Amino acid sequence: DAGVIQSPRHEVTEMGQEVTLRCKPISGHDYLFWYRQTMMRGLELLIYFNNNVPIDDSGMPEDRFSAKMPNASFSTLKIQPSEPRDSAVYFCASSPLGIDTQYFGPGTRLTVL
Amino acid sequence: KQEVTQIPAALSVPEGENLVLNCSFTDSAIYNLQWFRQDPGKGLTSLLLIQSSQREQTSGRLNASLDKSSGRSTLYIAASQPGDSATYLCAVRPGDDKIIFGKGTRLHILP
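Going down the list, the sequences are from chains V and F.
So for the first sequence, our numbering puts the first residue at 130; every next one is plus one.
So for the second sequence, our numbering puts the first residue at 33; every next one is plus one.
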């Protein structure tokens with residue numbers, strides 16, 4: 130298996146632009162998690178899905194952030210409009226069982242100018 | 033509010049030495065604690081998971097201990113190697129489906 134796939138690996142955009150990050154989980158994994166990692170705040174859980182349904186989005190910082198999982202093999206995290214403080218590495222992880230057994234993707238490094 | 037702290041933020045150790053990484057958490061009511069490894073430009077890899085009822089877990093040269101009452105965990109690495117250089121993160125699960133990470137200790141093993 131190729132593992133969790135994230136695209137793009139690097140994204141540079143200007144403030145106010147829409148940003149879409151993509152994730153392909155490991156086949157057969159029913160859980161998908163989105164995280165954000167910054168130097169200041171560390172790694173934070175933003176939202177997670179079970180069987181394509183959002184279960185807990187309490188970590189989503191504000192309404193500019195939205196996440197979808199239209200099917201079992203694809204999820205997106207969208208930021209609209211983006212701001213410089215959104216600059217971070219965004220990780221996607223998937224799991225067959227839940228939050229205790231996650232497999233992380235390589236991350237997307239987002240820079241908002 | 034649960035907070036997870038890892039001190040020091042960075043550590044350099046000569047190859048071959050045994051070392052201990054520390055993790056502390058403010059609320060002892062946890063479901064489990066997990067140690068992860070993060071290599072530059074990559075995601076996290078789980079190393080060890082300790083359930084709240086357990087005192088320690090071992091995998092190869094790694095040993096993780098948990099003292100829930102004092103809010104502490106340690107990760108012991110025996111006979112360190114240059115390949116152990118990475119950032120090590122500690123994370124607690126407060127009981128519901130949440131996970132709270134420390135900011136990690138960046139470990140550098142000197143050849």
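The C-beta atom is built at its ideal place from N, Cα and C for all residues, glycine as well.
All values derive from a computational prediction rather than experimental measurement.
From the options, residue whose alpha carbon lies closest to that of residue i
i: F:A42; options: F:L79, F:Q66 and F:L121; result: F:L121
i: F:K74; options: V:G236, V:K207, V:P213 and V:M169; result: V:G236
i: F:N64; options: F:K33, F:S105 and F:G48; result: F:S105
i: F:L79; options: F:K33, F:T119 and F:Q113; result: F:T119
i: V:V218; options: V:L174, V:Q146, V:I228 and V:M198; result: V:L174
i: F:E49; options: F:E35, F:Q66, F:T58 and F:S112; result: F:S112
i: F:S117; options: F:S60, F:F68 and F:S101; result: F:F68
i: F:A110; options: F:A61, F:N95, F:Q70 and F:K100; result: F:N95
i: F:F57; options: F:P114, F:L139, F:G127 and F:K100; result: F:K100
i: V:M168; options: V:D192, V:S216, V:Y177 and V:A131; result: V:S216
i: V:L206; options: V:L242, V:G132 and V:S136; result: V:S136
Buried or exposed by the 16-neighbour rule on C-beta atoms within 10 Å, applied to residue i
i: F:G92; result: exposed
i: V:G157; result: exposed
i: F:K135; result: buried
i: F:G103; result: buried
i: F:I141; result: buried
i: F:R125; result: buried
i: V:G234; result: buried
i: V:I184; result: exposed
i: F:A61; result: exposed
i: F:T137; result: buried
i: V:L172; result: buried
i: F:Q70; result: buried
N- and C-terminal bounds of the beta strand (DSSP E) containing residue i
i: F:K100; result: Where F:K100 is concerned, there is no enclosing beta strand (DSSP E), given that its DSSP letter is neither H nor E.
i: V:Y160; result: Y160 to T167
i: F:S78; result: L76 to Q83
i: F:S117; result: Unbroken run through F:S117: none, as it is neither H nor E.
i: V:Y177; result: G171 to N179
i: V:V148; result: V148 to K153
i: V:I184; result: V182 to D185
i: F:L51; result: L51 to F57
i: V:L206; result: F203 to I208
i: V:E140; result: H139 to T142
i: F:E88; result: E88 to S91
i: V:P199; result: F194 to N200
Collapsed DSSP secondary structure at residue i in the structure displayed
i: F:R69; result: strand
i: V:R214; result: helix
i: F:K33; result: coil
i: F:P126; result: coil
i: F:K135; result: coil
i: V:I228; result: coil
i: F:Y63; result: coil
i: V:R238; result: strand
i: V:Q135; result: strand
i: V:P190; result: coil
i: F:S44; result: strand
i: V:S156; result: coil
i: V:A222; result: strand
i: F:I39; result: coil
Residue i CB to nearest heavy atom of the ligand ZN below 7 Å
i: V:R238; result: As for the ligand ZN, it is missing from this structure, which has no ligand bound.
Are the segment 153-161 of chain V and the segment 38-53 of chain F touching by the rule of at least three beta carbon pairs closer than 8 Å? No, the segment 153-161 of chain V does not touch the segment 38-53 of chain F.
With three or more C-beta pairs closer than 8 Å as the rule, is the segment 160-174 of chain V touching the segment 123-135 of chain F? Contact between the segment 123-135 of chain F and the segment 160-174 of chain V is established, with three or more Cβ pairs separated by less than 8 Å.
Pairs of beta-carbons, one from the segment 51-58 of chain F and one from the segment 130-143 of chain V, closer than 8 Å: are there three or more? Per the Cβ contact rule, the segment 51-58 of chain F is not in contact with the segment 130-143 of chain V (fewer than 3 Cβ pairs under 8 Å).
I'd like to know if the segment 204-213 of chain V and the segment 75-89 of chain F are in contact, where contact means that at least 3 CB-CB pairs between them fall below 8 Å. Pairwise C-beta distances place the segment 204-213 of chain V out of contact with the segment 75-89 of chain F, as fewer than three of them are shorter than 8 Å.
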